[in-house]
Structure formats: C-alpha cells, structure tokens
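S.K.: Below you'll find the structure I mean.
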Amino acid sequence: MEETSICVLDQAGDVTFEACAPTNPEAVAKLLRRHAGKAERIVFETGSLSNWLWHQLRALGFPVICFDARHANAALSMRINKSDQNDARGG
1111 MEETSICVLD
1121 QAGDVTFEAC
1131 APTNPEAVAK
1141 LLRRHAGKAE
1151 RIVFETGSLS
1161 NWLWHQLRAL
1171 GFPVICFDAR
1181 HANAALSMRI
1191 NKSDQNDARG
1201 G
C-alpha cells in the first residue's frame, strides 16, 4: 500500500505514461496533473485506501471512478502477467 501504480492511456487505449507514486493524494495528483491533466476519468480498484483516496482526489477536482476489485481481478487475472503495473494498464 506504500505505492500506487499509475498508467495513463490515450483515447485509442495506447499507454502514454506509466509510473509509481507514493500512495498519498498529493503525490498521485502531481503525476496526474502533469501526465493526465485532461483526463475524462481516473479509475482505480477498491482496496483498504480507496475510500480515502477517492474522496481526496475528488476534492482536488479529478473525475475519479472506483470499481470493485473482485470484478477487476476476474477480468485482469485472465492476463498472462498479473502485476500491479499490468492491473493499472487494464483500468
């Protein structure tokens, strides 16, 4: 829970940026502003910090969406290389 994997996709679904940030709203927001400033949606899985992170990023004006980790896990586990980085790409 110390790091959050971030993956920014363009409208075609191609990766334009990937990184990890400390799991705190300010660090995540800094990267998002720099690399996804015009994002239509920011998606992340439910988890122990998701409620807090959702509220903090929402308060900073980000269009955040949180979805159930079990549903994400079912879809993403079909991938050959399951990892936090690949999960970020799948969102």
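Take the sequence shown: its position 83, counting from 1, is numbered 1193 in this note's numbering, and each next residue is one higher.
Cβ atoms here follow ideal geometry from the backbone N, Cα and C, with glycine treated the same way.
1) Rounded to whole angstroms, what's the CA-CA distance from Gly1123 to Cys1117? Just pull it up for me.
2) Quick check: the Cα distance between Arg1239 and Ser1160, rounded to an integer number of angstroms?
3) I need the DSSP call for Ala1149, collapsed to helix, strand or coil.
4) Going by DSSP, what residue range makes up the beta strand (DSSP E) through Leu1119?
5) Put Ala1122 into one of helix, strand or coil per three-state DSSP.
6) According to DSSP, is Pro1132 helix, strand or coil?
7) Using only alpha-carbon positions, find the residue among Lys1140, Ile1152 and Ser1115 that is nearest to Ala1129.
8) Compute the distance between the beta-carbons of Arg1144 and Pro1173, then report whether it is under 8 Å.
9) Go to Leu1210, then tell me how far its alpha helix (DSSP H) extends in each direction, as first and last residue.
M.R.: The relevant details are as follows:
1) 11 Å
2) Residue numbering for the chain in the displayed model covers 1111 to 1201; residue 1239 lies beyond these limits and cannot be assessed.
3) The answer is coil: DSSP assigns Ala1149 none of H, G, I, E or B.
4) Glu1113 to Leu1119
5) coil
6) strand
7) Per the Cα distances, Ser1115.
8) no
9) As shown, the chain starts at 1111 and ends at 1201. That puts residue 1210 outside it, with no answer to give.
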